[in-house]
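What follows is a single structure, written as structure tokens, with notes after it.
Protein chains: 2
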Amino acid sequence: MAKPEKHVFVCTHSRPSDHPKGSCAAHGSQAVVDAFANAFESRGLWGRFKLNTSSCLGICEQGPSVLVYPEGVLYQKVEARDVATIIEGHLLGGEPVAALEASKDVWG
Amino acid sequence: MAKPEKHVFVCTHSRPSDHPKGSCAAHGSQAVVDAFANAFESRGLWGRFKLNTSSCLGICEQGPSVLVYPEGVLYQKVEARDVATIIEGHLLGGEPVAALEASKDVWG
Numbered sequence: 011m012a013k014p015e016k017h018v019f020v021c022t023h024s025r026p027s028d029h030p031k032g033s034c035a036a037h038g039s040q041a042v043v044d045a046f047a048n049a050f051e052s053r054g055l056w057g058r059f060k061l062n063t064s065s066c067l068g069i070c071e072q073g074p075s076v077l078v079y080p081e082g083v084l085y086q087k088v089e090a091r092d093v094a095t096i097i098e099g100h101l102l103g104g105e106p107v108a109a110l111e112a113s114k115d116v117w118g
Numbered sequence: 011m012a013k014p015e016k017h018v019f020v021c022t023h024s025r026p027s028d029h030p031k032g033s034c035a036a037h038g039s040q041a042v043v044d045a046f047a048n049a050f051e052s053r054g055l056w057g058r059f060k061l062n063t064s065s066c067l068g069i070c071e072q073g074p075s076v077l078v079y080p081e082g083v084l085y086q087k088v089e090a091r092d093v094a095t096i097i098e099g100h101l102l103g104g105e106p107v108a109a110l111e112a113s114k115d116v117w118g
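If you're matching them up, the sequences are chains L and Y in order. When the letters of the first sequence are read in order and numbered with this note's numbering, they come out as residues 11 to 118. When the letters of the second sequence are read in order and numbered with this note's numbering, they come out as residues 11 to 118.
Here it is, written out as structure tokens:
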């Protein structure tokens, strides 16, 4: 196992379905995890990147949230269809995907 | 919520107690989480640092493992008593605690 070039953390925190804050799990975070895992597998990227789930990253209403280190870029409202964009633009291309980034008010 | 200066991830992955790989949970990771949380609280450090649990970081036999970004320093066999050392040396002092770092063979 090598230290990864980029490390992707997907918040999968869960709350009861009627909780007012919502949660990344309720917003579909597992589909995002699966999309990253499937893409890393099919494209042979596991050697370069690492994928983990994490506890609550704090922007519950804007979930699912995805955090990429070492840059510390926090993405919000990520859907499975956004994963290829993050992989192409950020993980492989080195440019964070501005359109998906959380507000600087919450992570600035 | 500001982007943290340092982000601490503690692996809390769990496996059955008789599993040959062991797990960070079986090695006492919750006590490490609690030690970080208590120290951040008592020392007023929540505004600078963030703490999350994560899924399996991959060095199960050497758990509990703790990963600190943005540097991407992976610590192994961390005990609650080591937490103050990591906070003083690395989080506040900026120098990773070499004695606790995982081998370069597994994270180099």
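C-beta: ideal position from N, C-alpha, C; glycine also. All of these numbers come straight from a predicted model, not from anything done at the bench.
Quick check: the Cα distance between D115/Y and C70/Y, rounded to an integer number of angstroms?
Locating residue 115/Y in the second sequence gives position 105, where the first residue counts as 1. Locating residue 70/Y in the second sequence gives position 60, where the first residue counts as 1. The alpha-carbon atoms of D115/Y and C70/Y are separated by roughly 15 angstroms.
Kindly list the residues whose CB is nearer than 7 angstroms to the CB of S33/Y, restricted to its own chain and excluding five residues on each side of it in sequence; keep chain order.
Here the question's residue 33/Y lines up with position 23 in the second sequence. Hits under 7 angstroms: H23, S24, R25, C70, G73.
At 7 angstroms on the CB atoms, spell out the chain Y contacts of V42/L, in chain order.
One-based indexing of the first sequence puts residue 42/L at position 32. What V42/L touches in chain Y: nothing, since even the nearest Cβ is about 14 angstroms away.
Given this structure, state the Cα-to-Cα distance separating V88/Y from V76/Y, to the nearest angstrom.
Translated into the one-based positions of the second sequence, residue 88/Y becomes position 78. Translated into the one-based positions of the second sequence, residue 76/Y becomes position 66. Approximately 7 angstroms between the Cα atoms of the pair.
Local conformation of C70/L per DSSP, three classes:
Mapped onto the first sequence, residue 70/L falls at position 60. C70/L: helix per DSSP, three-state reduction.
Sequence-distant residues of the same chain with beta carbon closer than 8 angstroms to Y79/L, five excluded per side:
In the first sequence, residue 79/L corresponds to position 69, counting from 1. If we look at Y79/L and ignore the five residues flanking it on each side, its Cβ neighbours are K16, H17, F19.
What is the rounded straight-line gap between the Cα of A41/Y and the Cα of G57/Y?
Walking along the second sequence from the start, residue 41/Y turns up at place 31. Walking along the second sequence from the start, residue 57/Y turns up at place 47. Looking at the two C-alpha atoms, the distance is approximately 22 angstroms.
By the DSSP assignment, the alpha helix (DSSP H) with V39/L in it spans what residues?
As a first step, residue 39/L is located in the first sequence; it is residue number 29 there, counting from the start. Just to set this straight, residue 39/L is Ser in the shown sequence, not Val. 39-52 is the extent of the alpha helix (DSSP H) around S39/L.
Below 8 angstroms, how does it come out for the stretch 90-98 of chain Y and the stretch 46-55 of chain Y: are there three or more Cβ pairs, yes or no?
yes
Thinking just about the alpha-carbon of each residue, which of G103/Y, C21/Y, G118/Y is nearest to the one in L153/Y?
What is shown of chain Y runs 11 to 118, which leaves residue 153/Y out entirely.
Contacting residues, own chain, Cβ-Cβ under 8 angstroms from E51/Y (five flanking each side not counted):
As a position in the second sequence, residue 51/Y is number 41, starting the count at 1. None.
First and last residue of the beta strand (DSSP E) that includes V18/L?
Counting from 1 along the first sequence, the entry for residue 18/L is found at position 8. Run containing V18/L: 16-21, per the beta strand (DSSP E) assignment.
So, is P14/L buried or exposed, given that buried needs 16 or more other C-beta atoms within 10 angstroms?
Residue 14/L sits at position 4 when you count from the first residue of the first sequence. By the 10 Å Cβ count, P14/L comes out buried.
With L84/L and L67/L assumed to form a contact (beta carbons below 8 angstroms), what rounded beta-carbon distance in angstroms separates them?
For the purposes of this step, residue 84/L is taken as residue 74 along the first sequence, with counting starting at 1. For the purposes of this step, residue 67/L is taken as residue 57 along the first sequence, with counting starting at 1. With 8 angstroms as the limit, L84/L and L67/L qualify as a contact, their Cβ atoms being about 7 angstroms apart.
Give a yes or no on whether the minimum CB-CB distance between A12/L and chain Y is below 8 angstroms.
Translated into the one-based positions of the first sequence, residue 12/L becomes position 2. For A12/L, the answer is yes, since a Cβ of chain Y falls inside 8 angstroms of its Cβ.
Min CB distance W56/L to chain Y below 8 angstroms
On the first sequence, position 46 is the one that residue 56/L refers to. Residue contact check for W56/L against chain Y: no CB pair falls below 8 angstroms.
Rounded to whole angstroms, what is the Cα-Cα separation between E111/L and L55/Y?
On the first sequence, position 101 is the one that residue 111/L refers to. On the second sequence, position 45 is the one that residue 55/Y refers to. Between E111/L and L55/Y, the C-alpha separation is close to 25 angstroms.
Helix, strand or coil at L89/L [DSSP, three-state]:
Counted from its first residue, the first sequence places residue 89/L at position 79. For the record, residue 89/L in the displayed sequence is Glu; it is not Leu. Coil at E89/L, not helix or strand.
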